[in-house]
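Single-structure report; data block below.
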Amino acid sequence: MKVVYMGTPDFAVAPLKAIIENGFEVVGVFTQPDKPVGRKAILTPPPVKVTALENNIPVFQPETFKNGEGVKILEELKPDVCAVVAYGKILPKEFLNFPQYGCINIHGSILPEYRGAAPIQRSILDGKEYAGVTAQQMDVGVDTGDILFTEKTKILENETSGDLYERLTVIGADLLVKTLKAIENNEINPIKQDDSKSTHAAMLDKTMSPVDWSKSAFEIHNQIRGLDPWPVAQTTLNGKNLKLFRSYIDETLGSGKAGEAVALKKGLGVFCGDGKAVVITEVQYEGKKRMNAADFLRGCQLAEGTILG
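Each residue of the sequence shown is one higher than the one before, starting from -8 at the first, in our numbering.
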């Protein structure tokens, strides 16, 4: 079966490698245009492009699909199906309907929950017990297509968005292979989504970073791990910005005011609004590198009764 693959970030690399390794004929790869990265603005190809070129697969990077260029490329490649994983562009109806089996999308949530741009992070921010990956038949809506297969996984207690992202990448790769094999064998039974149960996973932004220590330890713990690695939960210490990475809840520290910080052997303990505490194990102080919180505290005098934020 001839496959056109469409994806851009790291999340989309493992599924591409998986379908290549499982013998599917990838006749072309669509990915976003190269973008400047870093302070020197070095023009850098997306991870999917790098993988495609390593496997001698033609790469296409159209700026837009409004001019019909995408369909013209498909007319040349003649794919049986398009596999789409975190591509990052809206595809028009004529493109979606061109391949015999349409376009299949691998989405990082248990649809219809968390349609949109940031499903993995939102599942942690909201304190969900489970996350997952869904294979869906794409239509003109955003993540509204019929469900083909779903794989669930329990979110670990202290897992960050970055950790979960890596696990779901592997699950998504296996799910894409499973889906394409099912299409080949005519074993697909699409299930329509229940729109009444849908939720939206809007993009994250830096306005979400400041920590309100009057909230519960559960809420703050989810904020810290949900915003790790970006845009990162933040507070202030001695008038300077302090970024917070990785945490766990500790109910044994006694009592303190909301935002009161305590130096511990394992990290930086901070009391929350419900009387419980979170312990942050990695931090980045303004002007410094990211480091183990215990190491940071050895070089930082934390006065008794210090209130963060």
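Just so you know, even glycine gets a beta-carbon here, dropped at the ideal spot from N, CA and C.
Between the C-alpha atoms of residue i and residue j, what's the straight-line distance to the nearest angstrom?
| i | j | result |
| --- | --- | --- |
| Lys84 | Pro181 | 19 Å |
| Phe51 | Leu244 | 56 Å |
| Thr55 | Asp71 | 22 Å |
| Lys206 | Ala193 | 22 Å |
| Ala122 | Phe86 | 30 Å |
| Ser100 | Glu210 | 21 Å |
| Asp286 | Trp204 | 23 Å |
| Leu299 | Gly278 | 18 Å |
| Pro6 | Met199 | 30 Å |
| Gly230 | Tyr276 | 11 Å |
| Ile81 | Val62 | 13 Å |
| Glu295 | Leu167 | 54 Å |
| Ser187 | Thr135 | 12 Å |
| Lys267 | Ile146 | 22 Å |
| Gly260 | Val124 | 34 Å |
| Ile240 | Leu102 | 29 Å |
| Gly107 | Leu155 | 17 Å |
| Arg289 | Lys256 | 10 Å |
From the options, pick the residue whose C-alpha is nearest to that of residue i; which is it?
| i | options | result |
| --- | --- | --- |
| Gln127 | Leu159, Ala74, Arg158 | Ala74 |
| Val28 | Gln112, Val20, Pro37 | Pro37 |
| Tyr367 | Phe21, Phe262, Ala208, Phe287 | Any property of residue 367 remains undetermined from this structure, which presents the chain solely from -8 to 300. |
| Pro110 | Leu235, Thr160, Gly61, Pro90 | Thr160 |
| Met(-8) | Leu288, Pro24, Gly93, Gly260 | Gly93 |
| Ala224 | Gly266, Lys145, Asp241, Val274 | Val274 |
| Ala314 | Val270, Glu242, Val18, Asp265 | What the structure shows of the chain is the stretch from -8 to 300, and residue 314 is not part of that stretch, so it cannot be assessed. |
| Gly79 | Val133, Tyr105, Ala43, Pro103 | Val133 |
| Lys234 | Arg30, Lys197, Ile10 | Lys197 |
So if DSSP puts residue i in a beta bridge, which residue, or which two residues, is it bridged to?
| i | result |
| --- | --- |
| Arg106 | His191 |
| Phe262 | Ala268 |
| Pro201 | Gln225 |
State buried or exposed for residue i, treating a residue as buried only when at least 16 other CB atoms are found within 10 Å of its CB.
| i | result |
| --- | --- |
| Ser152 | buried |
| Val131 | exposed |
Let me check you understand the geometry: is the CB of residue i closer than 7 Å to at least one non-hydrogen atom of the ligand MG?
| i | result |
| --- | --- |
| Ser200 | Summarising the ligand content, the structure contains no ligands, and the ligand MG is consequently not present. |
query: Contact between the segment 130 to 144 and the segment 167 to 175: three or more CB pairs below 8 Å?
result: In this structure the segment 130 to 144 touches the segment 167 to 175; the number of beta carbon pairs closer than 8 Å is three or more.
message: Counting beta carbon pairs with one atom in the segment 209 to 224 and one in the segment 103 to 118, are three or more of them shorter than 8 Å?
response: Result yes; three or more Cβ-Cβ pairs closer than 8 Å.
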